[in-house]
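Peer 1:
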Amino acid sequence: MSVTYLVCRVHGYETRLIKPNRMLELASLSSLEALIRALGEVDYGRYISGAKTLGEVEQGLAEAFISKLTPLLELASGGIRRFLEAYLRRYEALNLTWILRMKAGGAPREMVEQILLPTWRLGGIDLKLILDAENIEAVKKIIRQSGAYKISEDVKDLLQLEAELWRSHYQRVFKLASRTKISDSREVRRLLGIELELSNLRTCVLALLRNWDPKRVQGLLMDNPAGTPLKLLQELVERRDPHIFMERFKMFRSFLEKAISGNVWLMEIEALRILKRYLDSERIGKFISFFYILRYILELEIEYRNLRAIAVMIHHNLPQESRRILLITN
Amino acid sequence: MSLSVRYTRGFLLDLKRRLSFVQRAHDLLEMKRDQEIRELGSAIDRLRELRVVLEKRIEEVLRDLAMLQAVYGSQEIISASMLMDERIEIEVLPRNVMGVNVPMIKIVRVPEVKGRYPLHIEGLAEKVRGLLEDLLRAAELEAFVELIAEDLRKTSIRVNALEKVIIPSYEAMIRKIGEVVEQSALEDFIRVKLVKRVLERRRTE
């Protein structure tokens, strides 16, 4: 299928996204049952109608999220499909980090299976093989053999291993972004660049605030072809002062301030807000543009994360003002 | 109190000796009770303070946990929680406080949190680590309060029993035996007098 058709479908899908006002209404609900009922009115119903617990609601929402992504792959073809497959592997990388952690802690297979996003629908590594693996070394071997990620054999540190997974993922996505004929490759690269920049800045600032060894921090950073060079970040880390980053990266000040204030969770929210702001601010002249697909993917992820956050907040009975803070609606 | 009572001077002296022993025991128990009340009062004050701090910290930890769970999802929290494969090691040692064995918790080793969790979770992990240490202190203090309170209850019962039952009964018995012994001594004296008078009358006849 052509990119034109895919983008048109995406414009159609976008109309199904839950509107910010409705999201705020959902956040003010007082019970999980009420949330399940309310979501039953939209296309989430079939995924969560039978849910009783928070875990089941989260599982249903993850199922719905991945199901909404699969048509994109089905409709794409050629280089665009390859790029999208690589881009969507971010959720597989997320699954892999969870599996690695749980394998390290000796969690049983069923327990690991329960928390995973159903990314096998998006292609990628056969997670069953990884789940059956005896230990971390076996998991690493399967990941290496898949050819999807480049991870070195001698990495023992789990956090380092997670960083290698992400590094490898972004390298692949950047490579495909430059190889694939995409009409808006500049915007796509910029979006990926911001994403990586935020991830690197988070690592630097939080690690410095927590007095981590700069050498270790440097090992967790990722090369950003569309952002601050790795070498510069490493030099800044050597100076061991998180405030330097505030001065140097003024456009991400709101993001970095969250780390300094101690509200780490708000960093993630702010990161998504920055990305959304960038996506909203980029006015693409044409109606048919590849950029819209990435925008839809991010908006879908935001919707998924908002709904998941609402379910958790209702479960914990968090006050209304806290609920609003944790939603990404503007 | 089962005692085979003999109305003799010897028994009376023995009973008085016993009463003075019981009174000394009563005084000691009273001192123990007062000291236990003091210890209990100060322990309760400390526990109350610790509980206030603990409640605040638990509230903070739960809030952070809820926030992190809402933002990153349960998967992130569950998987990160598996990263800690070490356990906190403690030794529970007995400590003698006024004859009561109370547990003393010695924290042998608390696993290091720094650098073992993803950066966004590490703060919470560190808070939970601190909280665990406080919870152990609270548990130690609570066990102390419980055991001392139980011993105080027993000591109070003993003091009351001595004060209200045993000592009064001893005193009553001593009084009664004293009266009987005195009565019998008077009777003996009168009997001797009468005998002496009869003997003197016979001698003059």
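Keeping their order, the protein sequence lines are chains V and P.
The opening position of the first sequence corresponds to residue -14 in our numbering, with each subsequent residue numbered one higher.
The opening position of the second sequence corresponds to residue 1149 in our numbering, with each subsequent residue numbered one higher.
Beta carbons are placed, not taken as given, at the ideal position from N, Cα and C, and that holds for glycine.
On a predicted model such as this, the values are computed, not experimentally measured, just so you know.
Jot down the residue ranges of each uninterrupted beta strand (DSSP E) in the region 135 to 216 of chain V, minimum 3 residues, whole runs only, in chain order.
Peer 2: For the region 135 to 216 of chain V, not a single whole beta strand (DSSP E) run of length 3 or above is found.
Peer 1: Check the Cβ-Cβ distances between residue 188(V) and every residue of chain P, and say whether any is below 8 Å.
Peer 2: If you number the first sequence from 1, residue 188(V) lands on position 203. Yes, because at least one Cβ of chain P sits closer than 8 Å to the Cβ of residue 188(V).
Peer 1: For the 8 Å Cβ check, are there 3 or more pairs between the region 302 to 314 of chain V and the region 3 to 19 of chain V?
Peer 2: Touching, yes.
Peer 1: Give me the residue from 144(V), -2(V), 272(V) and 50(V) with the minimum Cα distance to residue 29(V).
Peer 2: Position 44 of the first sequence, counted from the start, is the residue given in the question as residue 29(V). Considering only alpha carbons, the answer is 50(V).
Peer 1: Suppose the cutoff is 8 Å on Cβ atoms and the five residues either side in sequence are ignored; what does the same chain contact list for residue 300(V) look like?
Peer 2: For the purposes of this step, residue 300(V) is identified with residue 315 of the first sequence, where counting begins at 1. Taken in chain order, the residues that qualify are 17 and 39.
Peer 1: I'd like to know whether the C-beta of residue 151(V) is nearer than 8 Å to at least one C-beta of chain P.
Peer 2: Here residue 151(V) refers to the residue found at position 166 of the first sequence. So no, residue 151(V) is outside the interface.
Peer 1: Touch check for the region 1189 to 1204 of chain P and the region 1251 to 1259 of chain P: three-plus C-beta pairs under 8 Å?
Peer 2: Result no; under three Cβ-Cβ pairs closer than 8 Å.
Peer 1: Buried or exposed for residue -4(V), please, with buried defined as at least 16 other CB atoms from any protein chain shown within 10 angstroms of its CB.
Peer 2: By one-based count along the first sequence, residue -4(V) stands at place 11. By the neighbour-count rule (16 or more Cβ atoms within 10 Å), residue -4(V) is not buried but exposed.
Peer 1: Can you name the residues of chain V whose CB is closer than 9 Å to the CB of residue 1233(P)?
Peer 2: What you label residue 1233(P) is simply residue 85 of the second sequence in a count that begins at 1. Simply 89, 90 and 91.
Peer 1: Is it buried or exposed, residue 1234(P), if we count other Cβ atoms within 10 angstroms and call 16 or more buried?
Peer 2: Position 86 of the second sequence, counting from 1, holds the residue named residue 1234(P). So residue 1234(P) counts as exposed.
Peer 1: Need the endpoints of the alpha helix (DSSP H) that residue 125(V) sits in, please.
Peer 2: Taking the first sequence and counting its residues from 1, one reaches residue 125(V) at position 140. 121 to 131 is the extent of the alpha helix (DSSP H) around residue 125(V).
Peer 1: When you compare only the Cα positions, how much space is there between residue 1328(P) and residue 1241(P)?
Peer 2: Here residue 1328(P) corresponds to residue number 180 of the second sequence, with the count starting at 1. Here residue 1241(P) corresponds to residue number 93 of the second sequence, with the count starting at 1. For residue 1328(P) and residue 1241(P), the distance between alpha carbons rounds to 57 Å.
Peer 1: Using CA coordinates, which residue listed in 205(V), 165(V) and 168(V) is at the minimum distance from residue 181(V)?
Peer 2: Translated into positions along the first sequence, residue 181(V) becomes position 196. That would be 205(V), whose Cα lies nearest to the Cα of residue 181(V).
Peer 1: Could you list which residues in chain P have their beta carbon closer than 7 Å to that of residue 301(V), in chain order?
Peer 2: As a first step, residue 301(V) must be located in the first sequence, where it is residue number 316. The answer, in chain order, is 1214.
Peer 1: Select from 68(V), 35(V) and 232(V) the residue whose C-alpha is nearest the C-alpha of residue 19(V).
Peer 2: Along the first sequence, one-based indexing puts residue 19(V) at 34. It is 35(V).
Peer 1: For residue 1174(P) and chain V, any beta-carbon pair shorter than 8 Å?
Peer 2: By 1-based counting over the second sequence, the position of residue 1174(P) is 26. So no, residue 1174(P) is outside the interface.
Peer 1: For residue 1218(P), go through chain V and note every residue whose CB falls closer than 7 Å to its CB, in chain order.
Peer 2: Position 70 of the second sequence holds residue 1218(P). What residue 1218(P) touches in chain V: 294, 297, 298 and 311.
Peer 1: Should residue 248(V) and residue 209(V) be called a contact, given that it needs their Cβ atoms to be closer than 8 Å?
Peer 2: Taking the first residue of the first sequence as 1, we reach residue 248(V) at position 263. Taking the first residue of the first sequence as 1, we reach residue 209(V) at position 224. The answer is no: Cβ separation not under 8 Å.
Peer 1: Under 8 Å between beta-carbons, which chain V residues line up against residue 1262(P)? List them in chain order, please.
Peer 2: Working through the second sequence from its first residue, we reach residue 1262(P) at position 114. Ordered by position in chain V, the residues that pass the 8 Å Cβ test against residue 1262(P) are 195, 196 and 197.
Peer 1: Looking at C-alpha atoms only, which residue of 95(V), 200(V), 0(V) and 238(V) is the closest neighbour of residue 220(V)?
Peer 2: The residue you call residue 220(V) lines up with position 235 of the first sequence. Of the candidates 95(V), 200(V), 0(V) and 238(V), the one whose C-alpha sits nearest the C-alpha of residue 220(V) is 200(V).
Peer 1: Residues of chain P with CB closer than 7 Å to the CB of residue 319(V), please, in chain order.
Peer 2: No answer is possible for residue 319(V): it lies beyond the span of chain V, which begins at -14 and ends at 315.
Peer 1: List, in order along the chain, the chain V residues whose C-beta lies closer than 7 Å to that of residue 1223(P)?
Peer 2: In the second sequence, the residue the question calls residue 1223(P) occupies position 75. Correct list: 83 and 100.
Peer 1: If we ignore side chains and look at the alpha-carbon of each, how far apart do residue 143(V) and residue 191(V) end up?
Peer 2: One-based indexing of the first sequence puts residue 143(V) at position 158. One-based indexing of the first sequence puts residue 191(V) at position 206. One C-alpha to the other measures close to 18 Å.
Peer 1: Under 8 Å by Cβ, that's how I've got residue 140(V) and residue 149(V) pegged, so tell me the actual separation to the nearest angstrom.
Peer 2: Residue numbering aside, residue 140(V) sits at position 155 when the first sequence is read from its first letter. Residue numbering aside, residue 149(V) sits at position 164 when the first sequence is read from its first letter. Confirmed, about 6 Å.
Peer 1: For chain P, check one thing: does any of its Cβ atoms lie closer than 8 Å to the Cβ of residue 105(V)?
Peer 2: Along the first sequence, read from residue 1 onward, the residue named residue 105(V) stands at position 120. Output row for residue 105(V): interface = no.
Peer 1: Going by DSSP, what residue range makes up the beta strand (DSSP E) through residue 1239(P)?
Peer 2: Residue numbering aside, residue 1239(P) sits at position 91 when the second sequence is read from its first letter. Counting along the chain, the beta strand (DSSP E) containing residue 1239(P) begins and ends at 1237 to 1245.
Peer 1: Should residue 155(V) and residue 207(V) be called a contact, given that it needs their Cβ atoms to be closer than 8 Å?
Peer 2: Here residue 155(V) is taken as the residue at index 170 of the first sequence, counted from 1. Here residue 207(V) is taken as the residue at index 222 of the first sequence, counted from 1. Going by C-beta atoms, residue 155(V) is nearer than 8 Å to residue 207(V).
Peer 1: Whose Cβ in chain P lies nearer than 7 Å to the Cβ of residue 192(V)?
Peer 2: The sequence position of residue 192(V) within the first sequence is 207, counting from 1. Per Cβ cutoff of 7 Å: 1267.
Peer 1: Looking at residue 1188(P): is its Cβ nearer than 8 Å to the Cβ of residue 1286(P)?
Peer 2: Here residue 1188(P) is taken as the residue at index 40 of the second sequence, counted from 1. Here residue 1286(P) is taken as the residue at index 138 of the second sequence, counted from 1. No, the pair does not count as a contact, with Cβ atoms beyond the cut-off.
Peer 1: Let me make sure I understand the geometry here. Which of 1180(P), 1300(P), 1271(P) and 1218(P) has the alpha-carbon closest to that of residue 292(V)?
Peer 2: To locate residue 292(V), count along the first sequence from 1; it is residue 307. Among 1180(P), 1300(P), 1271(P) and 1218(P), the Cα nearest to that of residue 292(V) belongs to 1218(P).
Peer 1: Taking 7 Å as the cut-off, is the beta-carbon of residue 280(V) closer than that to any non-hydrogen atom of the ligand NAD?
Peer 2: No copy of the ligand NAD appears in this structure; indeed no ligand is present at all.
Peer 1: Kindly indicate the opening and closing residues of the beta strand (DSSP E) around residue 1257(P).
Peer 2: For this step, residue 1257(P) is matched to residue 109 along the second sequence. Its beta strand (DSSP E) spans residues 1248 to 1257.
Peer 1: By alpha-carbon positions, which one of 169(V), 81(V) and 223(V) ends up nearest to residue 112(V)?
Peer 2: Mapped onto the first sequence, residue 112(V) falls at position 127. Residue 112(V) has its Cα closest to that of 81(V), out of 169(V), 81(V) and 223(V).
Peer 1: Can you tell me whether residue 302(V) is helix, strand or coil according to DSSP?
Peer 2: To locate residue 302(V), count along the first sequence from 1; it is residue 317. DSSP places residue 302(V) in coil when its eight states are reduced to three.
Peer 1: On the premise that residue 289(V) lies in contact with residue -8(V), defined as a C-beta separation below 8 Å, what is that separation, rounded to the nearest angstrom?
Peer 2: Sequence index remark: in the first sequence, residue -8(V) carries index 7 (1-based). Sequence index remark: in the first sequence, residue 289(V) carries index 304 (1-based). Actually they do not touch by this definition, with Cβ atoms about 21 Å apart.
Peer 1: Might you give, ordered along the chain, the residues of its own chain that have their beta carbon closer than 6 Å to the beta carbon of residue 68(V), omitting 5 neighbours on each side?
Peer 2: The sequence position of residue 68(V) within the first sequence is 83, counting from 1. The answer, listed in chain order, is 161 and 165.
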